[in-house]
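Step one of this worksheet: look at the structure below.
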Amino acid sequence: MTAKQLAKKIQSQFKEITSDPVEFRDELTIDIADAKQISVVCHFAKEHLDFDYLVDLCSIDNDDETPRWTVVYHIYSYKHFKHLRLKVHVSEEDSKLPTVTNVWRTANWHEREVFDMMGIDFIGHPDLRRILMWEGYPYHPLRKDFPLAGKSSDMPDVAFTDPVPLEGGPFVTSPGNKDSADREPRVRNPE
Amino acid sequence: MAELKNIEISDSAVRSAEALDELQDLQGEKMTLNMGPSHPATHGVLRLSLELDGEIISKADPEIGYLHRGDEKIAENMTYNQFIPYTDRLDYLAPLANNVAYALAVEKLLGVDDKLPERCKFIRVICCELARVSAHLLGLGAFAMDVGALTVFLHTFNEREKIYNLIEALTGARFTTTYTRIGGLSRDLPEGWTEELSKFTKEVSEAIEEADKLLTRNKIFIDRTKGVGVITREEAIDFGLTGPNLRGSNIEYDLRKAHPYLVYDQLDFDIPYGEVGDCYDRYLIRMEEMRQSVRILDQCIAKLPNGPVNLDDGKIVMPHKQKVLSSMEELIHQFMLVTQGQNAPAGEVYFGAENPKGELGFYIFSKGGGVPHRMKIRAPSFVNLSILSHKLPGHMMSDIVAILGSLDFVMGECDR
Amino acid sequence: MNTTEIGYNSKIEGNVVHTRIDNAVSWFRKNSIWPMPMGLACCGIELMAAGASRYDISRFGSEVMRFSPRQSDVMIVAGTVTYKMAIAVRRIYEQMPEPKWVIAMGACASSGGMYRSYATLQGVDRILPVDVYVSGCPPRPEALLEALMKLQDKISKELHIKDKKPARDRGLVLS
Ligand code: SF4
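Protein chains in written order, with my numbering: chain A, 3 to 193; chain B, 5 to 420; chain C, 64 to 238.
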């Protein structure tokens, strides 16, 4: 079975909430409209389509677009060696979706990382704590409105942070489609 | 003359017997032990909070993030070429392989991965395999050292120094190589380098056999590793293990075979895989992988074609300086590349490469332009370590070092 | 019968050295600086290389890498210090007995290096007094060895006897 047929199977099973698979560079992406169903879809993919390996789980901050968050699942199978990408969109007000730890246990740490870095909750996760930053750190650093240089935070006994000086530091290139004077690599100090 | 004092042995024995009686009801009480983040067996800055019942671990909670340096955030603020030095520092035991994996991911996004010149592909394979040998040498040395065999470490480090010499001749640095560029390499092989390399492959084969003699049938080593930390097939898949750790659990899967990239489909090599999934199997696999890497290296030297090493595309590869100074078009290309980077299309790609530690993947989500909107690094060590809290309970304290050593992780990559 | 010989004794010629106590102590100290290897990141690998066969740090009396702070004299901070790790580094430093020194190995430990980001401490000198900085990303093992020699120089010039002033200045002149 090709990846396309597998994608079609998912689509026919969940007609109302899935989009047509998008192909880019030989990779298939399926958008799932209803984030609440993600664990059901994943369960189906694992049980009926043999996607037994969750390669990666990560999130994207869409900045000023709505819905703000996108959570991306890369799934793979050791039986038919096909790769598929599932995407769900989560609004900023909601900021939560069901966990898939009950489908693949490897999702545990991935979800904790998403929670830590972007602040998206996973309902039903057995142990949702920060993983890379320390407990009590007030921000979610991978959000687009968080500056690379960081913000100061003060946690007596745990850790402190200060914004780092970018003067003469790495020349930062700004993403986005602004004009090139704004985009080109240069020193940008935090305001 | 000094008077001999009566030593009241009986008394203290009675006392300890009484104490033991009292302790009866304390038995089964758990003790919490903190291991790391600065501990020789944690290979960097992993921290384990252990709950012990006597010698037996009843609960393990790995704590990571002590080396979280914000690589993914940095990537969002840089052009694609600018980020290459940061990939060196992910898995700093195999920087060349990281460079290659990252360059391939970006090239996939740009849609030029199949247009690379043959020579470039072969050199990249050499880089990957050299990195694999060097990473496994250190991994094995450290593993053996952790379970008590220091000699192997010194032997393998000797060989690593030779690799460093080769890499230094190739890139100018010992292990922060930054060797690849998007669409090619920073430079071609230096003169006489392949001869040095073939000399090295002979020497390293001998060294591998030597390490093999020191460990493979070493009674102590076997006692410490056989049957310890058994990861079953199902667990390995469920926890997303990759690389030698996956293959140890009786799964014959290697990205180089399953989804060949570069020129791996033209090369002849075998995939070793284990049966039981214990520490000893993982050790054997690393041993065999080094031998296979040497095989690949030899084939690459023999097959290495001539020709350019960079893509012929001024919009992706930095033009030659001579041309920049003499031709308008190249000058513009250079200016655009430096200020804006490669103009990538909007879209998303995932590329995973078989690195020494496992599948190193880059997921790039681009909205167009020279800067990724989001770049996620799928770090094999991160995923491999997540099995610890499941696997450690039930083992003895002393097995921890064996299990950690056999999982062979790097914190730079785990925490990013 | 025992007699005590006073003055020149040809039997012990060449076996006795006259020196100041400070110099003797410095000499002992500088030739046995036991490091506490804080191998945090990539630089830690070069630190291992410095300890391994080719560079052989034991030529300078520093091969005894102690992972226990209580048995070490110099902390070699090799690698990126993140805010999360900073507390642990600091605590380990505090556990080291006096006299103690610190070598900041590599760009990251000296200044944050290429990691100008939210998670990285911009130089370990923000939390510890550093004696020698080693540049490089990573510094070659030779550079670390040179740093060690610099530190030895520094130690050999240090005065160790608590009250460093000559007795006369303290008004304790014995007339
Ligand atoms: S200075 Fe360079 S090599 Fe050393 S820890 Fe920092 S990034 Fe790694």
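Beta carbons: idealized from backbone N, C-alpha and C, even for Gly.
Chain B has a Cβ within less than 8 Å of the Cβ of Pro201 (chain C).
Near chain C, meaning a CB-to-CB distance below 9 Å, the residues of the stretch 124-145 of chain A are Leu134, Met135, Trp136, Tyr139, Tyr141, Pro143. Around the beta-carbon of Ala87 (chain C), fewer than 16 other beta-carbon atoms lie within 10 Å, marking it exposed. Closer than 7 Å at the C-beta level to chain B, one finds these residues of the stretch 176-207 of chain C: Met177, Tyr178, Ser180, Tyr181, Ala182, Thr183, Cys200, Pro201, Arg203. With fewer than 16 other Cβ atoms from the protein chains shown falling within 10 Å of its own Cβ, His324 (chain B) counts as exposed.
Under the three-state reduction of DSSP output, Cys60 (chain A) falls in the strand class.
When Cβ-Cβ separations below 8 Å define contact, Leu97 (chain B) makes contact with chain C. Residue contact check for Lys77 (chain B) against chain C: a CB pair falls below 8 Å. Residue state for Met294 (chain B) is assigned as helix, using DSSP reduced to three classes.
Residues of chain A with a Cβ closer than 8 Å to the Cβ of Lys112 (chain B) are, in chain order, Arg27. Classified as exposed, Pro160 (chain C) has fewer than 16 neighbouring CB atoms from the shown chains inside 10 Å of its CB. Residue state for Leu71 (chain B) is assigned as coil, using DSSP reduced to three classes. Shortest Cα-Cα distance from Ile166 (chain C) to any of C:Ala182, C:Ile150, C:Asp136 involves C:Asp136. One thing to note: Glu25 (chain A) has its Cβ no nearer than 8 Å to the Cβ of Val353 (chain B).
If you check each beta-carbon in the stretch 136-158 of chain C against every beta-carbon of chain A, the ones closer than 8 Å belong to Tyr146, Lys147, Ala149, Ile150.
Distance from the CA of Gln158 (chain C) to the CA of Lys217 (chain B), rounded to the nearest whole angstrom, comes to 41 Å. For the stretch 49-72 of chain B, the beta-carbon criterion of a distance under 7 Å to any beta-carbon of chain A is satisfied by Ile68, Gly69, His72. The residue from A:Pro140, A:His142, A:Lys98 with its alpha-carbon nearest to that of Gln39 (chain A) is A:Lys98.
Only buried fits Arg260 (chain B), as 16 or more other CB atoms lie within 10 angstroms of its CB.
With contacts defined by Cβ atoms closer than 8 Å, Thr145 (chain C) and Tyr70 (chain B) form a contacting pair. CA-CA distance, Pro23 (chain A) to Leu88 (chain A), rounds to 9 Å. Considered as a whole, the stretch 245-323 of chain B harbours 248-252, 259-262, 283-307 as its complete alpha helix (DSSP H) runs of no fewer than 4 residues, in chain order.
The closest heavy atom of the ligand SF4 lies less than 7 Å from the beta carbon of Gly142 (chain C). By the 16-neighbour rule on beta-carbons within 10 angstroms, Ser390 (chain B) is buried.
For Ile407 (chain B), the enclosing alpha helix (DSSP H) covers residues 403-411. The C-beta of Val90 (chain A) comes no closer than 8 Å to any C-beta of chain B.
Within the stretch 106-119 of chain C, the residues whose Cβ lies closer than 8 Å to some Cβ of chain B are Gly107, Ile108, Glu109, Met111, Ala112, Ala115, Ser116, Arg117, listed in chain order.
Taking 7 Å as the cut-off, one finds no heavy atom of the ligand SF4 near enough to the beta carbon of Thr184 (chain B).
The Cβ atoms of Tyr181 (chain C) and Gly152 (chain A) lie closer than 8 Å to each other. The beta carbon of Gly374 (chain B) lies closer than 8 Å to those of Thr83, Tyr84, Gln344, Gly345, Gln346, Asn347, Ala348 in the same chain, with the five residues before and after it left out. The beta carbon of Ala170 (chain C) is closer than 8 Å to those of Gly176, Met177, Ser198, Gly199, Cys200 in its chain, skipping five residues each way along the sequence.
Bounds of the alpha helix (DSSP H) holding Met415 (chain B) are 415-419. Annotated three-state conformation of Lys146 (chain A) is coil, per DSSP. For Trp136 (chain A), no beta strand (DSSP E) segment is defined, and its DSSP state is neither H nor E. Taking a Cβ-Cβ cut-off of 8 Å, the neighbours of Asn162 (chain B) in chain C comprise Ala115, Ser116, Arg117, given in sequence order. In this structure Leu189 (chain B) is not in contact with Ile88 (chain B), their Cβ atoms being roughly 11 Å apart against a cut-off of 8 Å.
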